[in-house]
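Quick look at the structure:
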């Protein structure tokens with residue numbers, strides 16, 4: 071069931087911001103997702119670190135995917151996203167982990183984190199998704 075839902079979501083995302091960002095899915099289970107991004111120059115800001123918008127988007131994508139897999143017959147949208155940037159991240163491999171921490175009938179709360187290849191924490195997030 072998860073692989074069918076993933077195939078459906080990937081087909082829907084073809085040609086969208088998801089494709090543009092360039093993520094690779096490492097783990098995808100209902101409520102738990104790990105994505106990878108090989109951050110390149112186009113992901114950096116003017117001072118040479120990964121742009122905060124890229125990190126926020128990675129977190130939103132990972133947490134959103136976790137919610138969509140947890141609710142395969144419904145859709146979810148981000149209603150709140152709070153990101154804490156705790157350390158700068160450089161170009162290279164980044165890993166994003168997302169996990170559902172609370173669910174009700176109409177909302178889902180997730181946490182997310184972005185680390186680099188050495189395991190250094192760059193960003194933490196807490197998000198709420200509305201089930202529609």
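Residue numbers (the working numbering): 71 to 202. Built from N, CA and C at the ideal position, the CB exists for glycine as well.
Could you check how far apart the C-beta atoms of residue i and residue j are, in whole angstroms? I think they sit under 8 angstroms.
{"i": "residue 185", "j": "residue 136", "result": "So it is not a contact: roughly 17 angstroms between Cβ atoms."}
In whole angstroms, what separates the C-alpha of residue i from that of residue j?
{"i": "residue 91", "j": "residue 115", "result": "15 angstroms"}
{"i": "residue 197", "j": "residue 101", "result": "13 angstroms"}
{"i": "residue 124", "j": "residue 175", "result": "30 angstroms"}
{"i": "residue 106", "j": "residue 158", "result": "17 angstroms"}
{"i": "residue 77", "j": "residue 86", "result": "15 angstroms"}
{"i": "residue 182", "j": "residue 200", "result": "17 angstroms"}
{"i": "residue 131", "j": "residue 120", "result": "16 angstroms"}
{"i": "residue 97", "j": "residue 104", "result": "5 angstroms"}
{"i": "residue 129", "j": "residue 190", "result": "16 angstroms"}
{"i": "residue 112", "j": "residue 178", "result": "32 angstroms"}
Where does residue i land, buried or exposed, given buried means 16+ other C-beta within 10 angstroms?
{"i": "residue 141", "result": "buried"}
{"i": "residue 147", "result": "exposed"}
{"i": "residue 110", "result": "exposed"}
{"i": "residue 72", "result": "exposed"}
{"i": "residue 154", "result": "exposed"}
{"i": "residue 134", "result": "buried"}
{"i": "residue 168", "result": "buried"}
Does the distance from the CB of residue i to the CB of residue j come in under 8 angstroms?
{"i": "residue 156", "j": "residue 193", "result": "yes"}
{"i": "residue 195", "j": "residue 139", "result": "no"}
{"i": "residue 163", "j": "residue 89", "result": "no"}
Tell me whether residue i, by its Cβ, gets closer than 7 angstroms to a heavy atom of the ligand NAP.
{"i": "residue 176", "result": "Only the bare structure without any ligand can be found here, which leaves the ligand NAP out of the picture."}
- Enumerate, from N- to C-terminal direction, the unbroken alpha helix (DSSP H) stretches of 4 or more residues contained entirely within the stretch 122-177. Whole alpha helix (DSSP H) segments, 4+ residues: 122-140.
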